[in-house]
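Numbering (this note's numbering), first residue to last: -9 to 323. Glycine included, C-beta positions come from ideal geometry on N, C-alpha and C. The structure presented is a predicted model; accordingly, all values stated were derived computationally and were not measured.
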Ligand SMILES: Nc1nc2c(ncn2[C@@H]2O[C@H](COP(=O)(O)OP(=O)(O)O)[C@@H](O)[C@H]2O)c(=O)[nH]1
Ligand SMILES: [Mg+2]
């Protein structure tokens, strides 16, 4: 039996959380097109007959601009240092989005961009401390037709840092993800299982509920609003068939509250309805959800406010992970 930890690190938005959900076979982690969707490390345990892989999905690495940003980077590097395998994930350049930057003369073709190592990746690979096993996983290959472009890209990455393996995938379609899991399993130490067969993650249902609310906000609001948001759970009462949840959405400015609530409360209503469905699916119970929006000025820069809002110092070693079980209704994959 191969047993160990694998840290998923890389820039924001390259698809780390999508990959985790894919290998778990469950939409555990929140995913959105907005950068910095994942704020703290999330454990997801993959169980196979031959291996148990504890994945740590980490916040995207980036140049920190706030206390929250610094904590997010620290969480990712901590995870990498203590992991048996590090997956450095990147993507092959943004898929051309119609209407955006089309007129820009500096706009390159997707093919040309696919050949480049982004400056941020280069910087991060140089900052990354020595790790036991380092895999380069190049995601979103579904967005290029000409796969021969990948080979020179792999070579360019190899010149920046030595990788134990380089693998192309599409976390979205599933192409290559099985091979990555096999490669990881092969490289884990032999051992006895660290988790029960039904352990899915270390996060409690309250944490996940707050995250699923934040996910809907990220998916439904634009501009600066998503990054000004924190969600706290005020009430979480689980009965036999129904769970009653009251949550507060914290924003930084009055204007952001207006956007969040929407005309006649429609926006907030939609956020509530969609996150309620997602939480109900996780818990396998009916959910009654009440949402409130509060203006909490500059919460991102105040360490005490961060602690109050649930951003704890990174907990990324296996020793202090508290496993939670898969809920009964959800089948194993
Ligand atoms: N086309 C394409 N999009 C992807 C793929 N994987 C992830 N995405 C999208 O990329 C965005 C960021 O994904 P996410 O998993 O949140 O990235 P993270 O910040 O690295 O965790 C989301 O809109 C995903 O749907 C992929 O393989 N192909
Ligand atoms: Mg993520």
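In this chain, residue 185 is not harboured by any beta strand (DSSP E), its DSSP state being neither H nor E. At least one heavy atom of ligand 2 lies closer than 8 Å to the C-beta of residue 7. For residue 171, the enclosing alpha helix (DSSP H) starts and ends at 167 to 177. Straight-line measurement puts the Cα of residue 269 at about 13 Å from the Cα of residue 231.
Comparing C-alpha distances from residue 182 to each of 10, 12, 8, 37 shows the shortest one belongs to 37.
Each residue's CA atom was taken as its position, placing residue 74 and residue -6 some 6 Å apart. The Cβ atoms of residue 221 and residue 237 sit closer than 9 Å to each other. Annotation: the continuous beta strand (DSSP E) that includes residue 44 extends over 41 to 47.
Note that the C-beta distance between residue 210 and residue 257 is below 9 Å. If you check the CB distance, residue -8 and residue 180 come in under 9 Å.
Annotation for residue 34: the continuous beta strand (DSSP E) segment containing it runs 32 to 37.
Residue 23 and residue 281 have their alpha carbons spaced roughly 23 Å apart.
If you ignore the 5 residues before and after residue 191, its C-beta comes within less than 8 Å of the C-beta of 18, 32, 33, 34, 35, 198, 313, 314, all in its own chain and listed in chain order. Looking at 276, 117, 157, the one whose alpha-carbon comes closest to that of residue 169 is 157. Minimum Cα-Cα distance from residue 25 among the listed residues 11, 255, 217 corresponds to 217.
Here residue 154 is not near residue 118, since their CB atoms are 9 Å or more apart. About 7 Å separates the beta carbons of residue 9 and residue 129, which is inside the 8 Å limit, making them a contact pair.
Just measuring C-alpha positions, the residue of 12, 0, 3, 42 sitting nearest residue 187 is 42.
Annotated three-state conformation of residue 131 is helix, per DSSP.
By the Cβ-count criterion, residue 163 is exposed, with fewer than 16 other Cβ atoms from all chains shown falling within 10 Å of its own Cβ. Restricting attention to 195, 132, 204, the CA atom closest to the CA of residue 166 is found in 132. Residue 211 carries a coil assignment under DSSP once its states are collapsed to helix, strand and coil. For residue 144, the enclosing alpha helix (DSSP H) begins and ends at 140 to 150.
Sequence-distant partners of residue 116 (beyond 5 residues in either direction) whose C-beta falls short of 8 Å from its own C-beta, in its chain, are 150, 151. Judged by DSSP in its simplified three-state form, residue 79 adopts strand. Taking the CA atoms as reference points, residue 223 sits about 18 Å from residue 27. Measuring C-alpha to C-alpha distances from residue 262 to each of 234, 287, 286, 172 identifies 234 as the nearest. Per the C-alpha coordinates, the member of 122, 271, 123 positioned closest to residue 202 is 271.
Residue 241 is positioned such that its CB atom lies no closer than 9 Å to that of residue 204. In this structure, the beta-carbon distance from residue 107 to residue -3 does not fall below 9 Å. Just so you know, the alpha carbons of residue 145 and residue 14 end up roughly 30 Å apart. The Cβ-Cβ distance between residue 70 and residue -1 falls below 9 Å.
With a threshold of 8 Å, the Cβ atom of residue 34 does not count as near ligand 2, since no heavy atom of the ligand is closer than that. For the options 143, 225, 57, 251, the alpha carbon positioned closest to that of residue 207 is the one of 251.
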